[in-house]
């Protein structure tokens, strides 16, 4: 299996980035009836799907790392590196699941928690890189060798950053995660 070239990553970025760009751009346009934009629809539905799938991706990444972890365990400080990385990934998984729960509950805290999740992406990457480097006594340059290890986190930060911009600009997001606006929409539907 060959490594992804930079052109593959550009294509992936375009496939993800272009729809997100239009989501942010359309969120800036004033809608015909802003009060009607409540609930998981439009671009918010794409975000909800992505947020729902993101913990599954983290679990899959952990599962795919098992063989590498087994190779690290016999090394000096290998268990520290493995358990530290697993702990970091489980902490990030907990953040993702918390954000998912707050999103599904339409909590007013969702936008800030989504922002926190975005900030956690580079934080987890940096802490993990330093942990692996120091535990295994390997220079940072060697841990980051090849550049492939940098591409996925950078794409993740950029794409999630565009979604964060959407969350803070979108009228639908504001209406959906503002208890007063959501309750006002539910009341007429119940009567």
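Numbering (the working numbering), first residue to last: 29 to 219. Glycine included, each C-beta is placed from N, C-alpha and C at the ideal position. Owing to the predicted nature of the structure, the values given are computational and were not obtained by experimental measurement.
Contacts around residue i, its chain only, beta-carbon distance under 6 Å, and the 5 residues preceding and following it disregarded
| i | result |
| --- | --- |
| residue 125 | 83 |
| residue 90 | 117 |
| residue 68 | 76 |
| residue 142 | 127 and 195 |
Beta-carbon proximity list for residue i, same chain, < 7 Å, skipping 5 on both sides
| i | result |
| --- | --- |
| residue 65 | 59, 199, 200 and 203 |
| residue 155 | 116 |
| residue 152 | 116 and 120 |
| residue 11 | What the structure shows of the chain is the stretch from 29 to 219, and residue 11 is not part of that stretch, so it cannot be assessed. |
| residue 196 | 139 |
| residue 94 | none |
Inter-residue Cα distance where the pair is residue i and residue j
| i | j | result |
| --- | --- | --- |
| residue 137 | residue 130 | 7 Å |
| residue 172 | residue 157 | 8 Å |
| residue 105 | residue 99 | 12 Å |
| residue 108 | residue 163 | 7 Å |
| residue 128 | residue 39 | 28 Å |
| residue 170 | residue 114 | 21 Å |
| residue 161 | residue 92 | 21 Å |
| residue 132 | residue 103 | 43 Å |
| residue 168 | residue 112 | 17 Å |
| residue 177 | residue 193 | 25 Å |
| residue 165 | residue 85 | 29 Å |
| residue 209 | residue 71 | The predicted position of residue 209 is uncertain, since its pLDDT is 46 and thus under 50; a value taken from the coordinates is nonetheless stated next. Distance between the alpha carbons of residue 209 and residue 71: 19 Å. |
| residue 159 | residue 96 | 16 Å |
| residue 123 | residue 179 | 22 Å |
Contact set for residue i: own chain, Cβ-Cβ below 8 Å, skip 5 residues either direction
| i | result |
| --- | --- |
| residue 87 | 121 |
| residue 206 | 136 |
| residue 35 | none |
| residue 185 | 146, 149 and 150 |
| residue 80 | 128 |
| residue 188 | 145, 146 and 149 |
| residue 73 | none |
| residue 101 | 107 and 110 |
| residue 78 | 191 |
Residue i beta carbon near the ligand NAD (any heavy atom closer than 8 Å)
| i | result |
| --- | --- |
| residue 165 | In the structure on display, the ligand NAD does not appear, and there are no ligands present to speak of. |
Margin query: As an exercise, report each continuous alpha helix (DSSP H) stretch of at least 4 residues that is fully enclosed by the region 68 to 112, in chain order.
Written below: 70 to 92 and 94 to 100
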